[in-house]
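Have a look at the structure below, then the notes.
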Amino acid sequence: MNVAAQAEPLSPPQPAAARQALPPRRQVLRRFAHHRAGLVGLAVIVALIVLAALAESIAPYDWRAQDVLGRFSGPSGKHLLGTDELGRDIWSRILYGGRYSLTIGLGGVALSFGVGTLIGLVAGFYGRWVDTLLMRIIDVLLAFPGILLAIALVGALGPGLLSVIVAIGVTEIPGFARLNRSMVLSLREREFVLAARVVGASDRRVLGRHVLLNLVSPLLVFASLRVSTAILVGATLSFLGLGIQPPIPEWGAMVSTARQYIATAPHTFVYPTLAIFCAVIAFNLLGDALRDTLDPTLQH
Amino acid sequence: MSQYIVRRVVQLPVVLFGVSVLVFMVLHLVPGNPAQVIAGPDAPPETVAAIEHELGLDRPLPEQYARYLGRVLQGDLGQSLRSRRPVLSDVMDALPNTVQLALAAVIITPLLAIPLGVAAAANRGRALDTGLMVVSMLGITAPVFAVALGGMWVFGYQLRLFPISGYGGPLWTLDGLRSVALPALTLAVGAVATLARLTRSAMLEVLNQDYVRTARAKGLREQAVLLRHALANALLPVVTVIGLQIGVLLGGAFVTETVFAWPGLGRLAVFAIQGRDFPLVQGTVLVTAVGFVLVNLAVDLLYAYVDPRIHYR
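Residue numbers (the numbering used here), protein chains in the order written: chain A, 9 to 308; chain B, 292 to 604.
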């Protein structure tokens, strides 16, 4: 018997120990793979993106093509979801409109994610007057209820995709800023940050390396939930005639035109609304699934 | 706790100042010369210059803001470009209607949400619970305009129960109540869904407690257990959220008022923006934001008074 064999403790094969040996990233992926609702959400989102990207190729009709004689027809073999008030194919218009909803949702959140994270990190990390100043600005943004800020910004910047993205992005900044700030505040005092400082790491290194990595999970959860809000606000802005204007088939704009015909041709209202619903629920499911899998210790 | 109150009250003027600056900037965010926008693309340069001078747009920016603030504090919010009436009177005409709508929604929300939440908790895992949870998920994610139009179609056109637009009169009249029903219900949907879910989980938590088990062991009927012992304790977090929902309700009012042609502040704001009526836009946005801040502050202070456990850094 050599020394090495004696040094190793004898133990029966442990299946549990083998399971624990999986790297954390794989564990998270496995948990996600078992989360049925989350998989459904992810599948729907992927489908939406693919359909929107390939809209021009797979749509049976051009979204502008009118057939005034065939207007208001219900779902049929010729038109999958029927036609609208100008005889345009609703299914093709929904496919094309998906581009706008997705761009607004993802673009708006990307903007608020970037700016809000920066503000929150700086405020939480440096503290004192920087924190106070930045948080007062955030309070001013929060003084506007719901979509008022978005409405005012789009009103000032004029209709169009970019103004909608900017308006929604600015409205969502406070959420990201506050989340980042509170996480940084709690992380700041944790041991590994103090240890890094003791060793002499610069501010930037501490922020970038140690703090940032721990923020990613809650940020991802929050971001995916905000995408669904952004899509809703974008559709609402178009509905009010302030965002994307007809004839562009943004789903909210489609509902706005359908409003006058709701008693006689409800299908023109129902299908764009369902499209909005699908997108919003899909991102909500994804967000919930991310929250459950990335931090199962969270009680909600 | 009083430190919290003091801090909140001291922050108030700072936030209001920031709000006024942001609202003032709205006019200047417009691409191009604001006077040109107001005059129209075909106006001769002299007209544009005249409008510039009239609106004081040729002065430096901080001076413009100071004049704006001075006028606002004296109650002069400018003149609507379309109606030619003082913005303040348009706003004051619209404000009571929005308040009535919000009040109706705030009253309806707990009346609907709490019984639904209790019912769901009491029937946990069964059909009623699952059904209510699915419906509430729809209520939370549904866009307000879809709920408004859907409600309008079902209750207005098909069932002809309620009028679908317009203001029927103050809340204490029957016509007023009938006309506020659909808009208030639409506004309340999201809040009811959220509150019902919250009531359900609060009740479920309470129902697991020992004192509930004791009550059951004593042989009390399930109804008495639910209502007398569990509900009161479950209500505390619920009451907290009701205050937060007021903000959500105010936010949803824009779409609801527009769809139902309810002559309130929200619809006025949307009309103003659609019509590029900048003084009216500034006036409505300013009043709405200030009102929102004050209402939130009142709610927060009330909660700080009621629940002394609340304290922030």
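For every residue, glycine included, the Cβ atom is placed at its ideal position computed from N, Cα and C.
Check: Can you name the residues of chain B whose CB is closer than 9 Å to the CB of A/Phe285?; Outcome: Leu429, Thr432, Ala433, Pro434 and Ala437
Check: Excluding the 5 residues preceding and the 5 following A/Ala273 in the sequence, name in chain order all residues of the same chain whose CB lies nearer than 7 Å to its CB.; Outcome: Phe80
Check: Buried or exposed: which applies to A/Gly85, given that a residue is buried once 16 or more other Cβ atoms fall within 10 Å of its Cβ?; Outcome: exposed
Check: Which residues of chain A have a Cβ atom closer than 8 Å to the Cβ of B/Tyr448, listed in chain order?; Outcome: Ile270 and Ala271
Check: Is the beta carbon of B/Asp568 less than 9 Å from the beta carbon of B/Leu379?; Outcome: no
Check: What's the call for B/Asn587, buried or exposed, on a 16-neighbour Cβ count within 10 Å?; Outcome: buried
Check: In chain order, which continuous runs of the alpha helix (DSSP H) of length 4 or greater are located wholly inside the region 75-143 of chain A?; Outcome: 98-134
Check: What span of residues does the alpha helix (DSSP H) with B/Phe446 cover, start to end?; Outcome: First-last for B/Phe446: undefined, no H or E at that position.
Check: Considering only residues of the same chain and omitting the five flanking positions on each side of A/Ala261, which have a CB-CB separation below 6 Å?; Outcome: Ser246, Ile252 and Pro254
Check: From B/Ala439 to B/Asp466, what distance separates their C-alpha atoms?; Outcome: 20 Å
Check: Whole angstroms is fine: what's the gap from B/Ser311's alpha carbon to B/Tyr594's?; Outcome: 27 Å
Check: Quick check on DSSP: helix, strand or coil for B/Pro401?; Outcome: helix
Check: For A/Gly122, count the other beta carbons within 10 Å of its own beta carbon; 16 or more makes it buried, fewer makes it exposed. Which is it?; Outcome: exposed
Check: Looking at B/Val576 and B/Val306, is the spacing between their C-beta atoms short of 9 Å?; Outcome: no
Check: Is the CB-CB distance between A/Val48 and A/Ala287 below 9 Å?; Outcome: no
Check: So B/Val321 is in the alpha helix (DSSP H); what residue range does that whole segment cover?; Outcome: Run containing B/Val321: none; DSSP gives neither H nor E here.
Check: Would you list, in chain order, the members of the region 237-267 of chain A that have their beta-carbon closer than 7 Å to a beta-carbon of chain B?; Outcome: Leu240, Ala243, Thr244, Phe247, Leu248, Gly249, Leu250, Val263 and Arg267
Check: Distance, Cα to Cα, A/Phe152 vs A/Ala118?; Outcome: 21 Å
Check: CB-CB under 7 Å to B/Asn388, same chain, minus the five flanking residues each way: which ones, in chain order?; Outcome: Tyr458, Trp553, Pro554 and Gly555
Check: Taking only beta-carbon atoms, is A/Asn188 less than 9 Å away from chain B?; Outcome: no
Check: Are the C-beta atoms of B/Arg451 and some chain A residue less than 9 Å apart?; Outcome: no
Check: Does any CB atom of chain B fall closer than 9 Å to the CB of A/Thr276?; Outcome: no
Check: Give a yes or no on whether the minimum CB-CB distance between A/Arg234 and chain B is below 9 Å.; Outcome: no
Check: I want to verify the contact list: residues of chain A whose CB lies under 9 Å from the CB of B/Trp444, in sequence order.; Outcome: Ile270, Ala271, Pro274 and Phe277
Check: Quick one: does B/Leu313 have its CB under 9 Å from some CB of chain A?; Outcome: yes
Check: When the Cα of B/Ser427 is compared with those of B/Thr505, B/Val397, B/Ser470 and B/Val480, which residue comes out closest?; Outcome: B/Val480
Check: A/Ile159 CB to nearest chain B CB: under 9 Å?; Outcome: yes
Check: Quick one: complete alpha helix (DSSP H) runs, 4+ long, within the region 342-373 of chain B?; Outcome: 352-364
Check: In the DSSP assignment, find the unbroken alpha helix (DSSP H) run with A/Trp259 in it and report its ends.; Outcome: Trp259 to Ala266
Check: Taking the alpha carbon of A/Pro68 as the point to measure from, which residue in A/Leu169, A/Leu88, A/Val172 and A/Gly208 has its own alpha carbon closest?; Outcome: A/Leu88
Check: Would you kindly work out how many angstroms separate the C-alpha atoms of B/Val471 and B/Phe446, rounded to a whole number?; Outcome: 13 Å
Check: So what's B/Pro570 in DSSP terms, helix, strand or just coil?; Outcome: helix
Check: Please confirm whether A/Arg38 has its beta-carbon closer than 9 Å to some beta-carbon of chain B.; Outcome: no
Check: Is the number of C-beta pairs between the region 430-444 of chain B and the region 237-245 of chain A that are closer than 8 Å three or more?; Outcome: yes
Check: Here's a check: name, in chain order, each residue in its chain whose Cβ is nearer than 8 Å to the Cβ of B/Arg358, leaving out the five neighbours to either side.; Outcome: Gly347 and Arg350
Check: On a Cα-Cα basis, can you pick out the residue from B/Ile533, B/Val546 and B/Leu386 that is closest to B/Ile405?; Outcome: B/Ile533
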